[in-house]
Amino acid sequence: MSEALLQARGLSITFGGLKAVQDVSFDVLPRTLTALVGPNGAGKTTLFALLSGFLKPGAGTVQYLGRDITGMAPQKSARLGLTRTFQIVQPFGAQTVRENIAVGAHLHEPDRRRALQAAEAVAQRVNLHSYLDKPAADLTVGGRKRLELARALAAQPRLLLLDEVLAGLNPSEIDEMIPVIRGIVDGGVTVLMIEHVMRAVMSLAEHVWVLAQGRLIAGGTPRDVTSDPTVIEAYLGHGTAERLKQYGAQP
Amino acid sequence: MRDIRSIVLFGVIVAAAAALLQSGVALTFIMMSLYAVLLAQSWNILGGYGGQLSFGHALFFGVGAYAQAIAQLTWGWNPWLALPFAIAAGVVVGLIVGALTFRSGLKGSYFALVTLAFAEVFRIVAVSVPFTGGGVGLMVPLHASIANLQFGSRRGYIYLLLGFVIAALFCTAWLRHSRFGAYLQAVRDNENAARAIGVDPVRVKLGAIAWSAAFMAAAGACYVQMFQYIDSGIAFGSTISVEALVGVIVGGAGTLWGPVLGAAVLYALGEATRNLFGEVPGISMVIYGAVLVLIVMFMPRGLSGAGLSVRRMLKGAQPPQPAPQQDERKEEARV
Numbered sequence: 251m252s253e254a255l256l257q258a259r260g261l262s263i264t265f266g267g268l269k270a271v272q273d274v275s276f277d278v279l280p281r282t283l284t285a286l287v288g289p290n291g292a293g294k295t296t297l298f299a300l301l302s303g304f305l306k307p308g309a310g311t312v313q314y315l316g317r318d319i320t321g322m323a324p325q326k327s328a329r330l331g332l333t334r335t336f337q338i339v340q341p342f343g344a345q346t347v348r349e350n351i352a353v354g355a356h357l358h359e360p361d362r363r364r365a366l367q368a369a370e371a372v373a374q375r376v377n378l379h380s381y382l383d384k385p386a387a388d389l390t391v392g393g394r395k396r397l398e399l400a401r402a403l404a405a406q407p408r409l410l411l412l413d414e415v416l417a418g419l420n421p422s423e424i425d426e427m428i429p430v431i432r433g434i435v436d437g438g439v440t441v442l443m444i445e446h447v448m449r450a451v452m453s454l455a456e457h458v459w460v461l462a463q464g465r466l467i468a469g470g471t472p473r474d475v476t477s478d479p480t481v482i483e484a485y486l487g488h489g490t491a492e493r494l495k496q497y498g499a500q501p
Numbered sequence: 215m216r217d218i219r220s221i222v223l224f225g226v227i228v229a230a231a232a233a234l235l236q237s238g239v240a241l242t243f244i245m246m247s248l249y250a251v252l253l254a255q256s257w258n259i260l261g262g263y264g265g266q267l268s269f270g271h272a273l274f275f276g277v278g279a280y281a282q283a284i285a286q287l288t289w290g291w292n293p294w295l296a297l298p299f300a301i302a303a304g305v306v307v308g309l310i311v312g313a314l315t316f317r318s319g320l321k322g323s324y325f326a327l328v329t330l331a332f333a334e335v336f337r338i339v340a341v342s343v344p345f346t347g348g349g350v351g352l353m354v355p356l357h358a359s360i361a362n363l364q365f366g367s368r369r370g371y372i373y374l375l376l377g378f379v380i381a382a383l384f385c386t387a388w389l390r391h392s393r394f395g396a397y398l399q400a401v402r403d404n405e406n407a408a409r410a411i412g413v414d415p416v417r418v419k420l421g422a423i424a425w426s427a428a429f430m431a432a433a434g435a436c437y438v439q440m441f442q443y444i445d446s447g448i449a450f451g452s453t454i455s456v457e458a459l460v461g462v463i464v465g466g467a468g469t470l471w472g473p474v475l476g477a478a479v480l481y482a483l484g485e486a487t488r489n490l491f492g493e494v495p496g497i498s499m500v501i502y503g504a505v506l507v508l509i510v511m512f513m514p515r516g517l518s519g520a521g522l523s524v525r526r527m528l529k530g531a532q533p534p535q536p537a538p539q540q541d542e543r544k545e546e547a548r549v
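Encoded structure:
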């Protein structure tokens, strides 16, 4: 599979005695949306940190655009078009929404005024345009999640790693965000997203990888994965068949 | 554009005041205020906009001052030629200290302590080696002439300092309206988020420390020209470091005019307490300290921040209290 945009091979990292990620290998194909799911503590965010260079893997490699980027500093891989968002939102609190997004736009636009204009256009895409002049610290959680997404988008990524951008949003906000994310993929950006909101995973993802206790235990289409007994066991634990039915009934 | 206009206006007013005023007290006040503003504004570049709180900015001041004095005394340079050399020396030391600390990821109080340590090391070295004049210090002979960068009146020094203050203000205005400045503030607010969108924090901080050290070294060089004397205690002692950062804290860190206001107000306050309560030894420092504590307690964002709040209150804008409370609840629910 040489056509893959991102290839992880045998990624492992250990924190003390804890094997957070063990021997994880997978591919992300260009112009697709791939979801990474798994129970809390499975190592999803750690895996993101390994892919984006915030952590150096103990073993294994990351190939992106056919080159080895294992352990490459995040600011360098961002220049190659690999950008991530954070699960715990990290706004530049003292600055306005416009200024926050402009920092992302500056990656390819040295001119301040044009970067601020680009920020406006990106804000429009994620429905933040009415908050442009507000300090980022004043946004609600939903607003901050969208800001996180907008800032990453402004950097014009080829591969976007989204870490739970839908968590903390209310159902109507999620409904608003799903088309936004679909629009990003339709615009030619490859997306790898960690997500707990199964409704979004089912409707957006073309491929789903399931991580549990640091290992990939399954991969396939959303439908395949949600009916896989190993996944059901690992992801939902025992005795939650009811919840399973609930999720399965509303694709 | 507004920033540029206000800086030009500031320059014209100060220059006109210096030209028109005849009183020696007023001229001394303007000169020493500008000197304090230059210290504060250079600290503000790294500390206010970059969030790297240096406790040893005297390091760059001292390097500039000694470079200025040694170039004249030992090598016989013209002081005008020594001035850019002094600034360059400050930048080089700034880059070295920056490379050592930022590359190893020192932040916050660790960075503050390391800068303090560097300044102390330089102070002790300056006492011990011969070419700095050791404990005696260096005395630049007085030959008042423009060619010699020594002026017969305060006015000349005011114009010299004003030039550097305006340059520092332009540098700050550039930080507010450029990619470099946006990156610097992004790194200050959240380094990891900045890295994720392609900002190299070490490079950005090195740029900031270079500018900051340049203006600090210029202040040191000006000091030598004004007082014709430097020793290790003045050059690398903590007085200068504290003066640089207190003006910014009082005025408002990370703002264009806050450090100007803070440094000038503090200088005025220091002079006032010394003149009013000078007969009782020590009492002026007590009052100075008390006012400082009150300002920091009641105006945590400095004088300019307090001014902003007052302006908002007068406009009748309600502080947005209910919304943030909701936020907190949501965040708690998530945790």
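Chains as they are written, first to last, in the numbering used here: chain Y, 251 to 501; chain S, 215 to 549.
Where a beta carbon is used, it is the ideal one built from N, C-alpha and C, also for glycine.
Since the model is a prediction, treat every value here as computed from it, not as a measurement.
Nearest by alpha-carbon distance to residue i: which of the options is it?
i, options, result
"S/Val-456", "S/Ala-230, S/Val-226 and S/Asn-258", "S/Asn-258"
"S/Ala-387", "S/Ala-313, S/Gly-472, S/Lys-419 and S/Ile-454", "S/Gly-472"
"Y/Ala-299", "Y/Thr-480, Y/Gln-325 and Y/Thr-282", "Y/Gln-325"
"S/Ala-410", "Y/Phe-336, Y/Leu-279, Y/Arg-259 and Y/Ile-428", "Y/Phe-336"
"Y/Leu-255", "Y/Leu-315, Y/Thr-264, Y/Gly-303 and Y/Leu-366", "Y/Leu-315"
"Y/Arg-362", "S/Gly-503, S/Phe-394, S/Ile-463 and S/Asn-406", "S/Phe-394"
"Y/Pro-472", "Y/Lys-395, Y/Leu-283 and Y/Thr-320", "Y/Leu-283"
"Y/Thr-333", "Y/Ala-484, Y/Val-347, Y/Ser-302 and Y/Phe-276", "Y/Ser-302"
"S/Ser-392", "Y/Arg-364, Y/Ala-323 and Y/Gln-406", "Y/Arg-364"
"Y/Arg-317", "Y/Ala-455, Y/Ala-258 and Y/Val-439", "Y/Ala-258"
"S/Ala-302", "S/Ile-509, S/Val-354, S/Ala-427 and S/Ala-449", "S/Ala-427"
"S/Gly-421", "S/Ala-240, S/Gln-266, S/Met-246 and S/Leu-223", "S/Gln-266"
Report yes if the CB atom of residue i is closer than 8 Å to the CB atom of residue j, and no otherwise.
i, j, result
"S/Gly-225", "S/Arg-337", "no"
"Y/Ala-402", "Y/Gly-437", "no"
"Y/Leu-461", "Y/Gly-288", "yes"
"Y/Ala-352", "Y/Ala-371", "no"
"S/Gly-519", "S/Gly-476", "no"
"S/Arg-417", "S/Gly-264", "no"
"Y/Val-271", "Y/Thr-296", "yes"
"S/Ile-221", "S/Ala-231", "no"
"S/Phe-299", "S/Ala-285", "yes"
"S/Ala-424", "S/Gly-308", "yes"
"S/Tyr-443", "S/Gly-351", "yes"
"S/Val-505", "S/Leu-483", "yes"
"Y/Leu-416", "Y/Glu-456", "no"
"Y/Leu-399", "Y/Val-435", "no"
"S/Val-413", "S/Ala-254", "no"
With DSSP as the reference, identify every bridge partner of residue i, one or two as the case may be.
i, result
"Y/Gly-469", "Y/Trp-459"
"Y/Val-274", "Y/Leu-261"
"S/Gln-162", "No answer is possible for residue 162 of chain S: it lies beyond the span of chain S, which begins at 215 and ends at 549."
"S/Met-353", "S/Tyr-443"
"Y/Ala-285", "Y/Met-443 and Y/Val-458"
"Y/Thr-333", "Y/Leu-410"
"Y/Arg-317", "Y/Tyr-314"
"Y/Leu-268", "Y/Phe-265"
"S/Leu-517", "The partner list for S/Leu-517 (beta bridge, DSSP) is empty, contrary to what the question assumes."
"Y/Leu-256", "Y/Val-278 and Y/Tyr-314"
Taking the continuous alpha helix (DSSP H) assigned at residue i, which residues delimit it?
i, result
"S/Arg-393", "393 to 403"
"Y/Val-312", "Element bounds for Y/Val-312: not the alpha helix (DSSP H) but the beta strand (DSSP E), 309 to 314."
"Y/Thr-295", "294 to 302"
"S/Phe-275", "272 to 287"
"Y/Val-347", "347 to 355"
"S/Met-245", "238 to 257"
"S/Asp-414", "Taken as a continuous stretch (DSSP letters only), S/Asp-414 belongs to no alpha helix (DSSP H), as it is neither H nor E."
"Y/Tyr-381", "Here Y/Tyr-381 belongs to no alpha helix (DSSP H), and DSSP marks it neither H nor E."
"S/Val-500", "497 to 512"
"S/Phe-299", "293 to 317"
"Y/Ala-323", "Here Y/Ala-323 belongs to no alpha helix (DSSP H), and DSSP marks it neither H nor E."
"S/Val-341", "322 to 342"
"S/Pro-473", "472 to 491"
"Y/Val-483", "Checking the sequence shown, residue 483 of chain Y turns out to be Glu, not Val. Per DSSP, Y/Glu-483 belongs to no alpha helix (DSSP H) and is neither H nor E."
"Y/Ile-338", "No alpha helix (DSSP H) holds Y/Ile-338; DSSP gives it neither H nor E."
"S/Thr-453", "452 to 465"
"S/Gly-225", "216 to 234"
Any chance the CB of residue i is under 7 Å from a heavy atom of the ligand COA?
i, result
"Y/Ala-373", "Among the components of this structure there are no ligands whatsoever, and the ligand COA is therefore not found."
4 or more residues per run - each alpha helix (DSSP H) lying fully within the stretch 399 to 451 of chain Y: Counting whole runs of 4 or more residues, the stretch 399 to 451 of chain Y contains the alpha helix (DSSP H) stretches 421 to 436.
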